[in-house]
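Accompanying notes for the structure given below.
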Amino acid sequence: MTAALKFISRFAIKKPPSLDTQNNQANEKAQIILATVQQIPFGQVSTYGQIARAAGLPGYARYVGSCLKNSPANTPWHRVINQQGKISFAAASEQYQQQKQRLESEGVAFHNDRINLKRYLWCP
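My numbering puts the first residue of the sequence shown at 45, with every later residue one more than the last.
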């Protein structure tokens, strides 16, 4: 290869990863997140951001929510809340009531629709 070709090849547009590769990477990230959520102990909660950081994906808090939305039935999704100590669903929604009921059945107390993170927060 000539010097000119070497120089040009350094700036050539690289082929993007295939869709299969992207799907595999996304699936791998989702599996890591779900495995982290599985570790949250009964009667404790964690935040979306903490789960992302514990999974080695800082800045992926919203992605954690997406993974939980499509998670298997045995995933303790109800133990993941926002950083203010609140359930992220709208208070009048069925999902909100279901999450609150599950947490209360595990002994997690609410005060003004908030969970005391100093008391119930699980830090991996």
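Built from N, CA and C at the ideal position, the CB exists for glycine as well. All figures in this text were calculated on a predicted structure; none of them were measured in a lab.
Check, Outcome
"Give me, in chain order, the residues of the same chain whose beta-carbon lies closer than 7 Å to that of Glu138; leave out the 5 immediate sequence neighbours on both sides.", "none"
"Classify Gln82 as buried or exposed, calling it buried when 16 or more other Cβ atoms lie within 10 Å of its own Cβ.", "exposed"
"Let me know the secondary structure DSSP gives Ile159 once reduced to three states.", "strand"
"Tyr107 to Leu165, Cα distance in whole Å?", "20 Å"
"Can you check which of these residues, Ser115, Val124, Ala74 and Arg97, is closest to Ile84 by C-alpha distance?", "Val124"
"Please work out which residues of its chain come closer than 7 Å, Cβ to Cβ, to Tyr140, disregarding the five sequence neighbours upstream and downstream, and give them in chain order.", "Ile131, Phe133 and Ala134"
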